[in-house]
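Sequential numbering from -15 applies to the sequence shown in this note's numbering. Right, one structure below, let's go through it.
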Amino acid sequence: MERRNFLKSAGMVGAASLLQPSWAWPSAYQDAPRYFGLHPFVAAHPEAVFIKRTQVADKLDGAAKMQEGKALARELFTLQDTPGFSVTGKVAMKPNLTCGGDATPALMGIITDADFVEGIVEGMKEKLGLKGEQFYLREGNLLGDAYCPNSSSMNGYKPVAERTGAQLASFDSGRLLSQANLTTFEEGSEVIWREVPGGVVYQRIGYVAPINDEGAFNFNIAKFKTHGMGVTLTAKNWQGTNVHPYVHYCSAVKQQFEDSPAASDVNPDYRAQVQALYDRHRAGGVPRWDRPGTIDNWNSGAGMETWAQKTLDNHAASRPTFHMVEGIYGRNGNGFEKGPGVGGRAQDFMTNLVIFGQNAFKVDIIGHWLAGHEPGNFGLFHSALDRGLNDRLNPREIPIYTWEEGQPVSRTLDELERFPLVTYYLQRDYSGGTESLYHMLDQPFDYGP
-15 MERRNFLKSA GMVGAASLLQ PSWAWPSAYQ DAPRYFGLHP FVAAHPEAVF IKRTQVADKL
45 DGAAKMQEGK ALARELFTLQ DTPGFSVTGK VAMKPNLTCG GDATPALMGI ITDADFVEGI
105 VEGMKEKLGL KGEQFYLREG NLLGDAYCPN SSSMNGYKPV AERTGAQLAS FDSGRLLSQA
165 NLTTFEEGSE VIWREVPGGV VYQRIGYVAP INDEGAFNFN IAKFKTHGMG VTLTAKNWQG
225 TNVHPYVHYC SAVKQQFEDS PAASDVNPDY RAQVQALYDR HRAGGVPRWD RPGTIDNWNS
285 GAGMETWAQK TLDNHAASRP TFHMVEGIYG RNGNGFEKGP GVGGRAQDFM TNLVIFGQNA
345 FKVDIIGHWL AGHEPGNFGL FHSALDRGLN DRLNPREIPI YTWEEGQPVS RTLDELERFP
405 LVTYYLQRDY SGGTESLYHM LDQPFDYGP
């Protein structure tokens, strides 16, 4: 039997016995299924990462991008008659809608592609019978007291919301996101509070509703681009689910919470805990953790430890989430406008891939590798092992499948095309180093036996 046909058969047989209730295989004998879930093979393999190669010739081809999203959604999601996610429930989507993005050719690479997201929404509506009003597109920086309540990133997404019926700028309470703030939030309809088990920096986090609401389907769709934290994929994109001031991970904790009623949600012992973790990781050889600075300066080894622990607190507090990276086109540089291109501008490249899976850190390890980097060179992944949010660091130990015609095909890393994207993560410009501002972290890393 050919490998591909074997996997098709194995997916069906294995899924029937391995799936958990929340992702269960649908029955063919119920006329009106009440639940939906993931494709059975994807659901049965939370340890795996999947890669879909898209076929888009130009980043401005909206119809092609939309079709890729729609086709993928129709393949990935299935109706089922056993408990999963209710077909009458909410789909809480988190595209990258950070400040500074726009629908213009020069800025569209800053955010998750709007046409692709529209295709995902329409594909889920068609396959699952969902209504547009069940979809919520969320970003914490769009709140009234956050960084960019009137962000140009909305320009490409407002038409998507209008066409699909998805909720973008308003809450179920009737208020606009730009009208809401920490002191006036209505719990449940505007903010969802979650305790952080074993939190290092945060003890409690507020989420833009309905992210992390009971019964909602959390759907994280990041952008394939670089940033000061490396390649800003699903782990970092989930940062934007937080309300102000929790959402500002790059800021020093004191700066975030000074004179804020949210200060009581900060671990009073965070400084000692972060410092101890940093000291241990630096002594253990985490690459670039020797870059000078304090835990209050993100662009240093110690500061990156603070950012990593905030990120891990966020994922520890969250309900199960499906993670995806839109990489129809990828972007290098600082995550926004600046980069190594002409005039100091960031550059976009047709990379034609979508990465997805159930574990953000596994998805991101493979995403970093596909962007040309060696994942072991990034401290976040080491810290995720410590916190029990991932169980492996070596990308060669993560099962990888390409997604072809709606079915998984087992692959090795060496079979996959890579797309080098330079970052400005912890530049080695200290202790005599002369590394370029924008650089690759492709240096070999010893993962051990």
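Glycine residues also receive a C-beta, built at the ideal position from the N, C-alpha and C atoms.
Excluding the 5 residues flanking residue i on each side, which residues of the same chain have their C-beta closer than 6 Å to its C-beta?
i, result
"Y422", "P324, V406 and Y408"
"Y262", "A286 and E289"
"D280", "A236"
"Q257", "V184"
"M213", "K220"
"M308", "I205 and F340"
"L354", "R402"
Buried or exposed: where does residue i fall if 16 or more other Cβ atoms within 10 Å of its Cβ makes it buried?
i, result
"Q223", "buried"
"A193", "buried"
"P24", "buried"
"K220", "buried"
"V326", "exposed"
"T88", "exposed"
"K346", "buried"
"E310", "buried"
"E174", "buried"
"L397", "exposed"
"D253", "exposed"
So residue i packs on residue j, CB below 8 Å; how close in whole Å?
i, j, result
"T167", "G319", "Their Cβ separation, rounded to whole angstroms, is 30 Å, which puts T167 and G319 out of contact at 8 Å."
"T148", "F169", "Actually they are not in contact, since the Cβ atoms of T148 and F169 sit about 26 Å apart, beyond 8 Å."
"N336", "V40", "6 Å"
"T66", "N202", "That belief does not hold up - the Cβ atoms of T66 and N202 are roughly 20 Å apart, past 8 Å."
"I94", "G85", "4 Å"
"Q163", "G128", "6 Å"
Could you tell me which residues DSSP puts in a beta bridge with residue i?
i, result
"D332", "R315"
"I339", "I35 and V309"
"S157", "Its beta-bridge partners do not exist; DSSP assigns none."
"E388", "Q391"
"H423", "T407"
"Q64", "Y19"
"S70", "Y19"
"V250", "Y186"
"K322", "R329"
"V75", "F119 and F201"
Could you name the residues of the same chain whose beta carbon sits closer than 7 Å to that of residue i, not counting the 5 residues immediately before and after it, in chain order?
i, result
"D413", "E419"
"Y141", "L81, A98, L121 and L152"
"L44", "P89"
"D274", "R266 and G285"
"Y431", "G360, L377 and N378"
"R255", "I279"
Ordered along the chain, which non-local residues of its own chain (more than five positions away) have a Cβ less than 8 Å from that of residue i?
i, result
"L(-9)", "Residue confidence for L(-9) is low, a pLDDT of 46 falling below 50, so the modelled location carries little weight; the figure read from the coordinates is stated next. Same-chain partners within the cutoff: F25, Y385, Q391, P392, V393 and S394."
"G103", "K49, M50, Q51, E52, G53, K54, A55, L56 and A57"
"G113", "L63 and V71"
"G356", "R402, F403, P404, L405, M424 and D426"
"T216", "N80, A206, K207, K209, T210 and G319"
"A300", "V180, P181, G182, G183, R371 and L373"
I'd like to know if residue i contacts chain D, where contact means its C-beta is closer than 8 Å to some C-beta of that chain.
i, result
"T62", "The structure shown has no chain D; it contains just one protein chain."
Margin query: Runs of 4 residues minimum, wholly inside the region 166 to 234: which ones carry the alpha helix (DSSP H) assignment?
Written below: DSSP assignment within the region 166 to 234 yields the following whole alpha helix (DSSP H) runs of 4 residues or more, N-terminal first: 218 to 221.
Margin query: Threshold first: 4 residues or longer. Then list the alpha helix (DSSP H) segments lying entirely within the region 77 to 153, N to C.
Written below: 98 to 112 and 138 to 148, all fully within the region 77 to 153.
Item checked: Sequence ranges, beta strand (DSSP E) only - wholly within the region 261 to 306, length at least 3 -> Entirely contained in the region 261 to 306, not one beta strand (DSSP E) run reaches 3 residues.
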